[in-house]
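Enquirer: All the letters of the sequence shown, read from the start, carry residue numbers 125 to 467 under this note's numbering. Built from N, CA and C at the ideal position, the CB exists for glycine as well.
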Amino acid sequence: MPLNQRALASLARVSQTAVSLALRGDPSIPAATRERIRRLADAQGYRPNPNVASLMAQIRRNRRPQAGGCIALLADAADERGWLDREYTRRQQQGMADRAAGLGFRTEVFFLREKGMTPARLDRILHARDIRGVVLAGPKRAPVDLSAMRWQDYAGATISYTWDWPPVDRVSSHHRHNMDIVLQQLQARGHRRIGLSLQPDEVEAVEQNWLSGFLVMNQRLPARRRVPLFVGRHGPASLPAFSSWLKKHKPDAVISLAGWEETWLRQVKLLGPNSIGHACVNRPAQTHVAGIEEDHEMIGATTIELLIAQMQRNEYGLPRRPRLTLINGEWREGTTLRQPLAI
125 MPLNQRALAS
135 LARVSQTAVS
145 LALRGDPSIP
155 AATRERIRRL
165 ADAQGYRPNP
175 NVASLMAQIR
185 RNRRPQAGGC
195 IALLADAADE
205 RGWLDREYTR
215 RQQQGMADRA
225 AGLGFRTEVF
235 FLREKGMTPA
245 RLDRILHARD
255 IRGVVLAGPK
265 RAPVDLSAMR
275 WQDYAGATIS
285 YTWDWPPVDR
295 VSSHHRHNMD
305 IVLQQLQARG
315 HRRIGLSLQP
325 DEVEAVEQNW
335 LSGFLVMNQR
345 LPARRRVPLF
355 VGRHGPASLP
365 AFSSWLKKHK
375 PDAVISLAGW
385 EETWLRQVKL
395 LGPNSIGHAC
405 VNRPAQTHVA
415 GIEEDHEMIG
425 ATTIELLIAQ
435 MQRNEYGLPR
445 RPRLTLINGE
455 WREGTTLRQP
465 LAI
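(1) Determine contact between the stretch 417-427 and the stretch 375-393, defined as no fewer than three beta-carbon pairs at a distance below 8 Å.
(2) Cα separation between Ile161 and Ile249?
(3) Give a yes or no on whether the C-beta atoms belonging to Ala196 and Leu236 are separated by under 8 Å.
(4) Does DSSP put Trp334 in a helix, in a strand, or in coil?
(5) Could you say if the stretch 259-270 and the stretch 402-411 meet the contact criterion of at least three C-beta pairs nearer than 8 Å?
(6) DSSP puts Phe328 in a beta bridge; with which residues?
(7) Any contact between the stretch 350-363 and the stretch 295-305? By contact I mean 3 or more CB pairs, one from each, below 8 Å.
(8) Give the DSSP-derived three-state secondary structure of Gly441 in the structure shown.
(9) Does the distance from the C-beta atom of Trp275 to that of Leu442 stay below 8 Å?
(10) Please report the distance separating the alpha-carbon of Pro446 from that of Arg294.
(11) Note the first and the last residue of the continuous alpha helix (DSSP H) segment covering Arg215.
(12) Does Arg188 come out as helix, strand or coil in the three-state DSSP assignment?
(13) Relative to the alpha-carbon of Gln391, which residue among Thr449, Ser367, Met273, Ala272 has its alpha-carbon at the smallest distance?
(14) Can you tell me the Cα-Cα spacing of Ala191 and Ser321, whole angstroms?
(15) Quick check: the Cα distance between Val523 and Thr427, rounded to an integer number of angstroms?
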C-alpha cells in the first residue's frame, strides 16, 4: 500500500500536520525539521496525490477549486515599451500568452520598475489575487532584490540566464549547441580561419556558452589557424580596432551574435560570400545574414508548460535542485555565405 502522510508522520515522530507543512516548505516548521522530513519522504518513496494536494491547497485558502487562473510575468522594466523593445522578448511573450491560453490560463505582466512598485507590494498583490504561478521574464537589466516575496507560496520559472536569483526552473535556448552548428556550417563551406566578434557584455553572457564553443573549436585547430576573439562595442568608434583585427588575423569568416558586424564589413568592403563569410548565432527573424534562429515562441511556451505542470503537482516553493530545459535553434540560410562544398 502506498505510503501516506499519516504513516510518514509516524515514522518521523511528528504530527501529520507537521508533515504536511514541512513538505510544503512552510516556514512555521524549523528548517532542520523540514529537511529531515523531506529526506525521510524521499527515502520511503512518498509521492503526494496531485489531485488531492491541489484540492487541499484550495480548501486551506478558503477558495473553491478553479480551472486555470492567472500567471504573473515579472518584467524588469517600467512599462511595456521598456520591456518589449527587443524582438526576442516580444516573441517569448507571445509564446507564453498563447500557450497559457491553450492550457486554460491567462498571463498578466507586472512591471518591477513601475512607479510605486516594490517586491513587497507585488507580493501582497499576488497573494490578494491568488496568483501562484510566476515567470521571471527576460531580460533582467539591473540588480533586483526579490527576497521580500514569499517564495514558498509560488511556483516559479525563468527564461535564459539573466535571472540568477531566485533559483527556479529555467528554459533557455541551447546556446552552446547553436554555436557548434554555426561552426559546422562554416567549416562545411570551406572556411578555415573563423573569428568571433562579441560586445563586452556578450562575452560573459549565457554562462559563456557562445564563447566556450568558439574556444573549444580553436583548441582543436593548429595554432596557425586560430583567430583570437574580437571584443568591441557596436558603433563607429570600434571600427578602427575591428579593421585592424581583420588585417592582422585575416579571418575568412566572422561569427557575430545578431549580425550587426555586417555594417563594419560593408564599410571595410569585405562583405559577401566570396570575401569574408558572416554568420550569427542569434539571427533576427528579418535579416539576410545566415545563422541560427532561436525559437523564442517555443522557449516562452515551454516555460509556461513547465510552470503549469508544477502547479498541477502542487509544487510550490523554491526547488532544491532547479531544472534546466534547453531548446535547440535552427539553421537559416542567408546571402552572406557561399554554398557548402560538394562531397
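Expert: On the basis of the coordinates in this document:
(1) no
(2) For the purposes of this step, residue 161 is taken as the residue at position 37 of the sequence shown. For the purposes of this step, residue 249 is taken as the residue at position 125 of the sequence shown. Cα to Cα, the separation comes out at about 32 Å.
(3) Within the sequence shown, numbered from 1, the residue matching residue 196 stands at position 72. Within the sequence shown, numbered from 1, the residue matching residue 236 stands at position 112. Against a cut-off of 8 Å, the Cβ pair of Leu236 and Ala196 comes out as no contact.
(4) As a first step, residue 334 must be located in the sequence shown, where it is residue number 210. It is helical.
(5) no
(6) The residue given as residue 328 occupies position 204 in the sequence shown. The question names Phe, but residue 328 in the sequence shown is Glu. None; Glu328 has no bridge partner.
(7) no
(8) As a position in the sequence shown, residue 441 is number 317, starting the count at 1. It is coil, neither helix nor strand.
(9) Translated into positions along the sequence shown, residue 275 becomes position 151. Translated into positions along the sequence shown, residue 442 becomes position 318. Yes. Within cutoff.
(10) Here residue 446 is taken as the residue at index 322 of the sequence shown, counted from 1. Here residue 294 is taken as the residue at index 170 of the sequence shown, counted from 1. Rounded to the nearest angstrom, the two C-alpha atoms are 7 Å apart.
(11) For the purposes of this step, residue 215 is identified with residue 91 of the sequence shown, where counting begins at 1. Note, Arg215: alpha helix (DSSP H), 211-226.
(12) In the sequence shown, counting from the first residue as 1, residue 188 sits at position 64. Reliability of the predicted coordinates at Arg188 is poor, the pLDDT of 43 falling under 50, and no value is obtained from them.
(13) In the sequence shown, counting from the first residue as 1, residue 391 sits at position 267. Residue Ser367 is the option with its Cα nearest to Gln391.
(14) Counting from one through the sequence shown, the residue named residue 191 turns up at place 67. Counting from one through the sequence shown, the residue named residue 321 turns up at place 197. Confidence in Ala191 is poor, its pLDDT being 49 and thus under 50, which makes the residue's placement unreliable; the coordinate value appears in the next sentence. So the alpha carbons of these two residues sit roughly 49 Å apart.
(15) No information on residue 523 is available, as it lies outside the stretch 125 to 467 that the chain covers here.
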